[in-house]
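**Student:** Protein sequences, first through last, are from chains A and B.
Be aware that the first sequence starts at 1, since it is given in my numbering, and climbs by one per residue.
Be aware that the second sequence starts at 1001, since it is given in my numbering, and climbs by one per residue.
Every residue, glycine too, gets a C-beta built ideally from N, C-alpha and C.
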Amino acid sequence: MAAYIIRRVFAAVLLLLVVSAVTFAIFFLVPRLGGQTTDSLAAQYVGKGADPAAIAAIKANLGLEDPLYLQYWHFIKAIVVGAEYNFGPNPSVCNAPCFGYSFKTHVEVWPEIVQRIPVTFSLAIGAAVIWVISGVAIGVLSALKRGSIFDRLTMGVALAGVSLPMFFTGLVSLALFSFHWTIWENLEFVPFSENPGQWAWNLILPWCTLAFLYSALYARLTRAGMLETMGEDYIRTARAKGLKERKVVVKHGLRAALTPLVTIFGMDFALLLGGAVITERVFSFQGMGAYAIQGVTKSDLPIVMGVTLVAAFFIVFCNLLVDLVYAAIDPRVRLS
Amino acid sequence: MNSRKTASAIAVTLALALGATACGSGGGKDKGGNGGGSAKADAGLSSIVNASTKKGGTVTYEHSSGPDSLDPGNTYYGWVQNFSRLYGRSLVTFKPAAGKEGLTVVPDLATSLGKGSPDAKTWTYELRKGVKFQDGTEITSADVKYAIERSNFAPEALSNGPTYFKSYLEGGEKYKGPYKDKSPEGLKSIETPDKYTITFKLNKPFADMDYLAAFSQTAPVPQKADKGAEYVQNIVSSGPYKFDSYSESRGATLSRNPEWDPATDPIRKALPDKIELKFNVTASTIDEHLLSDAITADIGGTGLQSKTQPKVLVKAAEKAKTDNPYAGALQYLAMNVKVKPFDNIECRKAVQYAVDKAGVVDAIGGAVKGEPASTMIPPSVAGYKKFDLYPTPGNKGDAAKAKEALTACGQPKGFKTSLTARSDRPDEVLAATQIQQSLKAIGITADIKQFPADKYFTDFAGSPKWVHDNNAGLMMMAWGADWPTGYGFLDQIVNGSAIKPSGGTNLMELNDPKINKALTDGIGTLDTAARGEKWAEVDKLVLENASAVPLFYRKNLLYRPDSATNVTVAESYLGMYDYVLMSSSK
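1. Check whether the Cβ atoms of Ile1299/B and His1063/B sit closer than 8 Å, and answer yes or no.
2. Less than 8 Å between CB atoms is the rule here; does Val1542/B satisfy it with respect to chain A?
3. Quick one: is His106/A near chain B, going by C-beta distance under 8 Å?
4. Is there a Cβ from chain A that is less than 8 Å from the Cβ of Lys1586/B?
5. Taking only the alpha-carbon atoms, compute the straight-line gap between Gly1099/B and Val1339/B and give it to the nearest angstrom.
6. Cα separation between Leu343/A and Tyr1175/B?
7. Against chain A, does Arg1425/B count as a neighbour if the rule is that its beta carbon must be under 8 Å from one of theirs?
8. Taking 8 Å as the CB-CB cut-off, is Lys1534/B touching chain A?
9. In chain order, what residues of the region 75 to 109 of chain A put their CB closer than 7 Å to some CB of chain B?
10. At a Cβ cut of 9 Å, what residues of the region 1251 to 1283 of chain B count as close to chain A, listed as they run along the chain?
11. Buried or exposed: Ser1497/B, going by 16 or more other Cβ atoms within 10 Å of its Cβ?
12. Just reading off the beta strand (DSSP E) that Met1475/B is part of, what are its end residues?
13. Among the candidates Pro67/A, Ser20/A, Ala137/A and Phe317/A, whose CA atom is the shortest distance from the CA of Val307/A?
14. Below 8 Å on C-beta distance, what does Arg281/A contact in chain B?
15. Tell me whether Leu141/A sits in a helix, a strand or coil according to DSSP, three-state version.
16. Per the DSSP calculation, Val107/A is bridged to which residue(s)?
17. Could you work out which residue in Pro52/A, Thr259/A, Ala42/A and Pro67/A is closest to Lys59/A when comparing CA atoms only?
18. Look up Tyr1623/B in the DSSP assignment and give the residues it is bridged to.
19. Mind checking who Gly1251/B pairs with in its DSSP beta bridge?
20. Which bits of chain B does Ala53/A rub up against, with CB to CB less than 7 Å?
21. Going by beta carbon distance, what residues of the same chain come within less than 6 Å of Val1494/B, once the five residues before and after it are set aside?
22. Tell me, to the nearest whole angstrom, how far the beta carbon of Ala96/A is from that of Val80/A; I am working on the premise that it is less than 8 Å.
23. For the candidate residues Asp1143/B, Pro1222/B and Tyr1125/B, whose alpha-carbon lies nearest to that of Pro1670/B?
24. What did DSSP end up calling Gln1134/B once you bin it into helix, strand or coil?
25. State the DSSP-derived secondary structure class of Phe1552/B, mapped to helix, strand or coil.
26. Buried or exposed for Pro1184/B, going by 16 or more other Cβ atoms inside 10 Å?
27. Determine whether the Cβ of Gly1033/B lies closer than 8 Å to any Cβ atom of chain A.
28. Just checking: is the beta-carbon of Lys1188/B within a distance shorter than 8 Å of some beta-carbon in chain A?
29. Check Asp1447/B in the structure and name its three-state DSSP category.
30. Once DSSP output is grouped into helix, strand and coil, what is the label at Gly1575/B?
31. Give me, in chain order, the residues of the same chain whose beta-carbon lies closer than 6 Å to that of Val93/A; leave out the 5 immediate sequence neighbours on both sides.
32. Mind listing which residues of the region 1424 to 1455 of chain B have their C-beta closer than 8 Å to chain A's C-betas, in chain order?
33. Going along chain B, which residues have a C-beta under 8 Å from Arg116/A?
34. Below 8 Å between beta carbons: does that hold for Pro1220/B and Asp1135/B?
35. Pair every Cβ in the region 1255 to 1263 of chain B with every Cβ in the region 118 to 137 of chain A, then say whether three or more of these pairs are closer than 8 Å.
36. At 8 Å on the CB atoms, spell out the chain A contacts of Gly1383/B, in chain order.
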């Protein structure tokens, strides 16, 4: 098992390096191939005066004149050992992991990400709890009461949940509960450490809208999985042995139906940790997703690189976890 | 049957939800209270609405993204210039007052306006005594000098702000800035003979000096507290408020600065106890917050979103809470005089007559968004004089006159050209489409090419090489003054010296010796009234050249929530509300 984990961790680091190289190439190399010069790149980071001296100073300070491979090397090196920058009277030290400074505002990227992680995590974890519990419960009940009104109604709502885009449900919920009934007026993120009650209260609306989308999907998947497993021979055998129905459903049926769900959950959850872009935007929460948008819209490359890498890290990490959990819940994986 | 019932139940639920949304958000809650209801629409243009002298309360601002920087030495944004006066006192500033009075420059940190030498090249300001930073140390002329040095001469760290001081100060091109040049005397052309005197020695006559001194860049910065780009996180206040917290993503909270002494400050009332500023709030949410009186103002000052405007305008009670000021900006169509056939003035005149300006205004959303323009200088800028060299009936264009000009140009059947616009500015694209139709009517085929705003000047319209290579004869352009005088407005868009290989804003590539000279003469004229006359003259010269079609003076639709007190439009700050005056009953 230890060898397996080491191998997987090594592969994960390699994967992250590839992701960083590809992202770097997309944002630094492709524009150059499209004819963008270092001057025009630097000009985006000075005020509207675009004074040539300012452009030259920015180019020198951001190292835009260095060959690309060297710029990439500096970027990776800074993550591992940190770096030193000159944005003031004295050099400022950017400790590892240093993802550089925003080209626009010269604020360090990593502390900004760290500040935003609690927002994104709070959103993702709460929503995940809601959607897993509600999605799986609805899926199981629908499967067990196949064809009933409950089944049809929940599957109809689930279809709506899957079909309606997040920016629609988000805005509708805001319009209803925040602007019209003003239950959540001035919705904003309150850190858990500051006030746990307010934290949860202000997150209810984003959680529910986010969970609506996912639980719908999970309900449909669970239902399909349950229908399939409940028709298997071993379920009939279990019932024939005289096991209680609850045990048959939960231990034998649900457990088998859950395995594909765990994989999907790992991916979905990891993607959300990288930033629930639309949810954060709709509710004006300053998480990783909102930061990513800021980076992209303002062509602030270090922000884009930082968020992409951290998001990629979460995906790789969650996948690793899923594989381990998989081994725990599916004996076949363990045996092989 | 069963499933049909289920489906219809879902449909009804959704329809109800949508219906509730549609009628829900517009309602606004007329909480009455503080008499906001008595003022009429546009009252904020000429008076202070909801005037109050009551101290206390919290003013809450929201912004849909964030500033370039709240550091007074690292910003170009109009709203930061306006807002920063709460924590930074520049040498002089615009008077916090209603209407045209708000365009007057008054002393702030200085005791009087600048005293200029007869050649307008040396300017001296005397500082008030006893003005203190938030840490209790007295502000001296050295702090002002340092602030200007760091903001204009250290682009490696603070690159956002304008660099007018660098252009106008003697030896400015050689000075390396305080971070690299550690010599004790710093820039020699800013002299500080004693603690309270500061003298600027300029390399050319410049009579608009007081407007430069009104930039937030002259707000003092103590050298020992300056950490370059990181100073924004610990700004040392010289005004009535100091920062309690600052986050790049969330915003800032300001509270009273106990070291601020009202006796040294004749222009600020500093009524609110607290000021909250929130960044990155979705634009539509900001509008909802304004309508429900949850916040005091949208600090960006560009007004309600297009989709919110009808909600407000159709109800008399809501409309009464709006102001529709000029935004100090002009949308115009630039014709590059180096691109054929616009090198011929008659072809340029053809476009002048062909464009349906009324149609353009309709296309962008009607009278609340803009007013058809005939001059380059907008009405809210000093030097504006009304004239129209190319009048057409109802501003709708005159195809007959346009065709006459085309014939005179030797292109009676018209020609093909390109028209550039910024893809992420919907109004500009709508205006371009309208212009395209007007031109088509006289035989000119304009192919619209769209580019992202952040690269528009660096890579496309502002790069003469690209313009020539791509035959981009027509370019959409919008411009707001850096300071509200004819010079502040025109210099960067019509002066030959503003043509740059990349990032230029003189899109017409105008390098007319007459215009250049008139600008130089004007800025050397110390008499304010005579200077104003000069700007009107330059304006006329530009339009005689016919290379720019003024389309419309931009207007914004601002909204005053009931709780907002002391509300007035600051023409000096692009027609947003005056944030020095603004207070709240909440």
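**Tutor:** In short, the structure shows the following:
1. Taking the second sequence and counting its residues from 1, the one referred to as residue 1299/B is at position 299. Taking the second sequence and counting its residues from 1, the one referred to as residue 1063/B is at position 63. A contact, by the Cβ cut-off of 8 Å.
2. For the purposes of this step, residue 1542/B is taken as residue 542 along the second sequence, with counting starting at 1. Chain A, which has no Cβ nearer than 8 Å to the Cβ of Val1542/B, makes this no.
3. Stepping through the first sequence from its first residue, residue 106/A is reached at position 106. With 8 Å as the cut-off, His106/A counts as an interface residue toward chain B.
4. By one-based count along the second sequence, residue 1586/B stands at place 586. Judged by the 8 Å Cβ criterion, Lys1586/B is not in contact with chain A.
5. Here residue 1099/B corresponds to residue number 99 of the second sequence, with the count starting at 1. Here residue 1339/B corresponds to residue number 339 of the second sequence, with the count starting at 1. Taking the straight line from one Cα to the other gives about 42 Å.
6. Residue 343/A falls outside the range modelled here, since chain A spans only 1 to 336, and no answer is possible.
7. Start at 1 with the first residue of the second sequence, and residue 1425/B comes out as number 425. No - not a single Cβ of chain A is within 8 Å of the one on Arg1425/B.
8. On the second sequence, residue 1534/B is found 534 positions in, with the first residue counted as 1. With 8 Å as the cut-off, Lys1534/B does not count as an interface residue toward chain A.
9. Asn86, Phe87, Gly88, Pro89, Ser92, Thr105, His106 and Val107
10. Lys1278, Phe1279, Asn1280, Val1281 and Thr1282
11. Taking the second sequence and counting its residues from 1, the one referred to as residue 1497/B is at position 497. When all chains shown are included, Ser1497/B counts as exposed.
12. Along the second sequence, one-based indexing puts residue 1475/B at 475. First-last of the beta strand (DSSP E) with Met1475/B: Leu1474 to Gly1480.
13. Residue 307/A sits at position 307 when you count from the first residue of the first sequence. Of the candidates Pro67/A, Ser20/A, Ala137/A and Phe317/A, the one whose C-alpha sits nearest the C-alpha of Val307/A is Ser20/A.
14. Here residue 281/A refers to the residue found at position 281 when the first sequence is read from its first residue. Residues of chain B with a Cβ closer than 8 Å to the Cβ of Arg281/A are, in chain order, Thr1282.
15. Sequence index remark: in the first sequence, residue 141/A carries index 141 (1-based). Leu141/A falls in the helix class under three-state DSSP.
16. By one-based count along the first sequence, residue 107/A stands at place 107. In the DSSP output, where bridge partners are listed per residue, Val107/A has none listed.
17. For the purposes of this step, residue 59/A is identified with residue 59 of the first sequence, where counting begins at 1. Nearest of Pro52/A, Thr259/A, Ala42/A and Pro67/A to Lys59/A, Cα basis: Ala42/A.
18. Because chain B is modelled from 1001 through 1586, residue 1623/B falls outside the range shown and cannot be assessed.
19. Your numbering for residue 1251/B matches position 251 in the second sequence. Looking at the DSSP assignment, Gly1251/B forms a beta bridge with Ser1247/B and Lys1278/B.
20. Looking up residue 53/A in the first sequence gives position 53. Pro1155, listed in chain order.
21. Numbered from its first residue, the second sequence carries residue 1494/B at position 494. Excluding residues within five positions, the ones whose Cβ falls inside 6 Å are Leu1510, Ile1515 and Val1542.
22. For the purposes of this step, residue 96/A is identified with residue 96 of the first sequence, where counting begins at 1. For the purposes of this step, residue 80/A is identified with residue 80 of the first sequence, where counting begins at 1. Contact flag correct, Cβ pair sits at about 6 Å.
23. Absent from the model: residue 1670/B. The displayed extent of chain B is 1001 to 1586, so no value can be given.
24. Looking up residue 1134/B in the second sequence gives position 134. Three-state result, Gln1134/B: coil.
25. Against the second sequence, residue 1552/B aligns to sequence position 552. Residue state, collapsed to three classes: strand.
26. Sequence index remark: in the second sequence, residue 1184/B carries index 184 (1-based). So Pro1184/B counts as exposed.
27. Counting from 1 along the second sequence, the entry for residue 1033/B is found at position 33. Because the pLDDT at Gly1033/B is just 37, under 50, the model does not fix this residue reliably, and the value given afterwards should be weighed accordingly. So no, Gly1033/B is outside the interface.
28. Along the second sequence, one-based indexing puts residue 1188/B at 188. Not closer than 8 Å to any Cβ of chain A, the Cβ of Lys1188/B fails to qualify, so no.
29. Start at 1 with the first residue of the second sequence, and residue 1447/B comes out as number 447. Residue state, collapsed to three classes: strand.
30. In the second sequence, residue 1575/B corresponds to position 575, counting from 1. In the structure shown, Gly1575/B sits in coil (DSSP, three-state: anything other than H, G, I, E or B).
31. Mapped onto the first sequence, residue 93/A falls at position 93. Shown here for Val93/A: same chain residues with a beta carbon closer than 6 Å to its own, the five before and five after excluded, namely Glu84 in chain order.
32. Asp1454 and Lys1455
33. Position 116 of the first sequence holds residue 116/A. Neighbours of Arg116/A across chain B, judged by C-beta separation under 8 Å: Ser1249.
34. Here residue 1220/B refers to the residue found at position 220 of the second sequence. Here residue 1135/B refers to the residue found at position 135 of the second sequence. No, they are not a contact pair.
35. no
36. Residue numbering aside, residue 1383/B sits at position 383 when the second sequence is read from its first letter. Under the 8 Å cutoff, chain A gives no residues; its nearest Cβ is about 21 Å from Gly1383/B.
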